[in-house]
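Have a look at the structure below before the remarks.
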Amino acid sequence: RCRSPLSPGRCPGPARGDSAVSPVSPVSPIHVYTPREVHGTVGSRVTLSCSFWSSEWISEDISITWHFQADGSRDSISIFHFAKGQPYIDDVGTFKERMEWAGNPRRRDGSIVIHRLEPGDNGTFTCDVKNPP
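Each step along the sequence shown adds one to the number in the UniProt record's numbering, with nothing skipped, and position 38 is 38.
Structure representation (C-alpha cells):
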C-alpha cells in the first residue's frame, strides 16, 4: 500500500534538480497502485500486486522496494529490493526463503509473491517505486 499526503494509493516521485542554486525541474510523479487489502490462508501463496505509471521513460536506474510492518508494530522492515535490473530478497526476517519476484518494470509491474503464508505475515506491505532521470 502506498501512503501519500496527496492522495491515497498514489506516491509522487522525487523532485529533480542538480543543486540548490540551479532551477528545479517540474516534478514528474510516479503513481503507484496496490490493492487496499489482500487475503490469503495459512500455507498458501499470495501475490502482492504493485503497478505504477509515470509519464517519464522507465530508466535503467528504476528501483522498487517492498517494506513490511507487522500488525501491532511501529517498525517497518525492508523485505525486497529491485535495482540495477536485479531482484534482491533481503536476508533478514521470515520472508527470505518464501519470496518470489513476479514483476517486470518495463511493464510497470513491481509485484512479489509470498509462499507458504504464516500467521505472522499479517500486516502492512508497502511498495515504493523510484524512477530517477
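The beta-carbon is built from N, C-alpha and C at its ideal position, and this holds for glycine as well.
By Cβ distance, which residues of its chain are closer than 7 Å to residue i, with the 5 residues on each side in sequence left out?
{"i": "S51", "result": "Y33, R108, D109"}
{"i": "S111", "result": "T47, L48, S49, C50, A102, G103"}
Beta-carbon within less than 8 Å of residue i's beta-carbon, same chain only, minus the 5 sequence neighbours each way: which residues are those?
{"i": "V42", "result": "L117, E118, P119"}
{"i": "S55", "result": "S28"}
Beta carbon of residue i, beta carbon of residue j: below 8 Å?
{"i": "I58", "j": "N104", "result": "no"}
{"i": "F95", "j": "I64", "result": "no"}
{"i": "T47", "j": "A83", "result": "no"}
{"i": "P35", "j": "S49", "result": "yes"}
Excluding the five sequence neighbours on either side, which residues of its own chain have a C-beta within less than 6 Å of the C-beta of residue i, listed in chain order?
{"i": "V21", "result": "Residue confidence is low: V21 scores 42 on pLDDT, short of 50, so the model does not pin down where it sits. No coordinate-derived value is stated."}
{"i": "H81", "result": "T65, Y88"}
{"i": "I62", "result": "P105, N131"}
When you compare only the Cα positions, how much space is there between residue i and residue j?
{"i": "Q69", "j": "V129", "result": "17 Å"}
{"i": "N122", "j": "D71", "result": "6 Å"}
{"i": "Y88", "j": "H67", "result": "13 Å"}
{"i": "M99", "j": "S76", "result": "17 Å"}
{"i": "D91", "j": "S78", "result": "10 Å"}
{"i": "E60", "j": "R74", "result": "33 Å"}
{"i": "residue 205", "j": "G93", "result": "Outside the modelled stretch of the chain, which goes from 1 to 133, sits residue 205, for which no answer is possible."}
Using DSSP bridges, identify the partner residues of residue i.
{"i": "C50", "result": "The partner list for C50 (beta bridge, DSSP) is empty, contrary to what the question assumes."}
{"i": "D109", "result": "S51, N104"}
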